[in-house]
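Following: one structure in structure tokens, then a few remarks.
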Amino acid sequence: MNGRWAVSWAVAMVVAAAFLIPAVASASSGAAGGAVSAGASALTTTPPRTPTPSPSLLWPCYDPRTYPPSTPPLTPPTAPGTPQVVQVVSPYVHLRWAASSDTDGLACYQVFEDRNGVKIKVATFGPDVTDGTFYVDWPPYGTQSRVATLYVVALDRWGAESPPSGTVKVTIYNDVVLPPTPTPSPTPTPTLACHVGYYSYGWYGGMTTQVSISNTGATTIAGWRLTFAFPDAAQHLTNGWSADWSQTGSTVTATALASNQVIAPGGSVTIGFNGSNQGANPSPSTFQLNGSTCR
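Going by the working numbering, the sequence shown opens with residue 269, and the numbers climb by one from there.
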């Protein structure tokens, strides 16, 4: 009886192996060509029409990359060809590149983005895949677009890395773009109708000046500021009355007081100042009231 059980057990093992070994071999050969289909059995694969990144690839293509305890002299693969853009459907990019070669055998291709000098890996493909579609980051929220600079690197079975391919630039357009902030229109300064009389008595070294401001329009002036420029560089304001007086460079400014800030249509106010000069005392040619030139 023991001999019969032993023979039966051996036959059962042989039969089981006949079914299992081909299934495992099929899964192993399929995994090198692309990603496992969503929802599929771990032992079956469906090669995608357009290859997609293969995160299931083993060393040395996964992160973090580790190396064996001892490695032979490394001979890097040749650089892949500069990728060509097949299609861009933001934010998905389809590139195609010429294959690398390596005596040790290729392990994978990796696609990187050069983002302002920072190397960012965006996709990994199997060693026999020389084109595929992958995802890149959207532009910042509200930004219309951004340019992604992409290139390809090959790795061999010992982890040796090829020189990078040439780069290709791809524009990624945002699906959400904020409208531009409208520039506020400047509030127009109302044009005032006014007249300024300037009467100055000068002597060598000084002057005394009286200025009259008349409202010649039909609208009341509520609050005013008068500006003018001394024609001669030696003319300077020293003090004044009936207004707040100041001088910056050659420009003189007189601002209304609380007692005379309102000028009714047909009305006027009179103000004045003392100043210094070096003998010449020409009158200003232009007067502006609240930004409007007075006649």
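Ideal Cβ placement from N, Cα and C applies to all residues, glycine included.
(message) If contacts are defined as beta-carbon pairs under 8 Å, then Ala497 and Thr521 qualify, I think. What distance do you get, rounded to the angstrom?
(response) Here residue 497 is taken as the residue at index 229 of the sequence shown, counted from 1. Here residue 521 is taken as the residue at index 253 of the sequence shown, counted from 1. With a Cβ gap of about 10 Å, Ala497 and Thr521 do not count as contacting.
(request) Within its chain, find whatever has a CB closer than 7 Å to the CB of Gly349; leave out the 5 residues flanking it on each side and keep chain order. (result) Here residue 349 corresponds to residue number 81 of the sequence shown, with the count starting at 1. Result list for Gly349: Trp365, Ala366 and Ser433, in chain order.
(request) For the beta strand (DSSP E) holding Asp564, just list the boundary residues, first then last. (result) Because the chain here runs from 269 to 563, residue 564 falls outside it and cannot be looked at.
(request) Determine the direct distance from the alpha carbon of Thr459 to that of Val356, and round the result to whole angstroms. (result) To locate residue 356, count along the sequence shown from 1; it is residue 88. To locate residue 459, count along the sequence shown from 1; it is residue 191. Each residue's alpha carbon lies about 57 Å from the other.
(request) Kindly confirm or deny that the segment 436 to 445 and the segment 400 to 413 touch, where touching means at least three C-beta pairs closer than 8 Å. (result) yes
(request) Measure the CB-CB distance between Phe380 and Tyr409 and report whether it falls below 8 Å. (result) Taking the sequence shown and counting its residues from 1, one reaches residue 380 at position 112. Taking the sequence shown and counting its residues from 1, one reaches residue 409 at position 141. No, these two residues do not count as a Cβ contact at 8 Å.
(request) With DSSP collapsed to three states, give me the class of Trp509. (result) Numbered from 1 along the sequence shown, position 241 holds the residue referred to as residue 509. Strand, per DSSP.
(message) Taking DSSP's pairing of strands, which residues face Tyr441 in a bridge?
(response) As a first step, residue 441 is located in the sequence shown; it is residue number 173 there, counting from the start. According to DSSP, which records beta bridges pairwise, Tyr441 is partnered with Ser413.
(request) On a CA-only basis, which of Asn542, Asp405, Thr488 and Ala502 is nearest Pro533? Give me that one, please. (result) Mapped onto the sequence shown, residue 533 falls at position 265. Answer by Cα proximity: Thr488.
(request) Identify whether Val397 lies in helix, strand or coil by the three-state DSSP scheme. (result) For the purposes of this step, residue 397 is taken as the residue at position 129 of the sequence shown. Looking at Val397 - three-state DSSP - the assignment turns out to be coil, as it is neither helix nor strand.
(request) Express the C-alpha separation of Ser480 and Cys462 in angstroms, rounding to a whole number. (result) Within the sequence shown, the letter at position 194 stands for residue 462. Within the sequence shown, the letter at position 212 stands for residue 480. Spanning the two alpha carbons is a distance of roughly 10 Å.
(message) I believe Gly427 touches Pro328 by the beta-carbon criterion, under 8 Å. Please report the beta-carbon distance rounded to the nearest angstrom.
(response) Counted from its first residue, the sequence shown places residue 427 at position 159. Counted from its first residue, the sequence shown places residue 328 at position 60. The Cβ separation is near 4 Å, so the contact holds.
(request) Can you tell me which of the three DSSP states Asn528 falls into? (result) Locating residue 528 in the sequence shown gives position 260, where the first residue counts as 1. Three-state DSSP puts Asn528 in coil, outside helix and strand.
(request) Express the C-alpha separation of Thr398 and Pro345 in angstroms, rounding to a whole number. (result) Position 77 of the sequence shown holds residue 345. Position 130 of the sequence shown holds residue 398. Rounded to the nearest angstrom, the two C-alpha atoms are 14 Å apart.
(request) Give every residue of the same chain whose Cβ lies closer than 8 Å to the Cβ of Ser468, excluding the five residues on either side of it in the sequence, and list them in chain order. (result) Position 200 of the sequence shown, counted from the first residue, corresponds to residue 468. Closer than 8 Å at the Cβ level, and outside the excluded window around Ser468, lie Met475, Thr476, Thr477, Gln478, Asn549 and Ser551.
(request) Would you identify the three-state DSSP class for Ser482, choosing helix, strand or coil? (result) Here residue 482 refers to the residue found at position 214 of the sequence shown. It is a strand residue.
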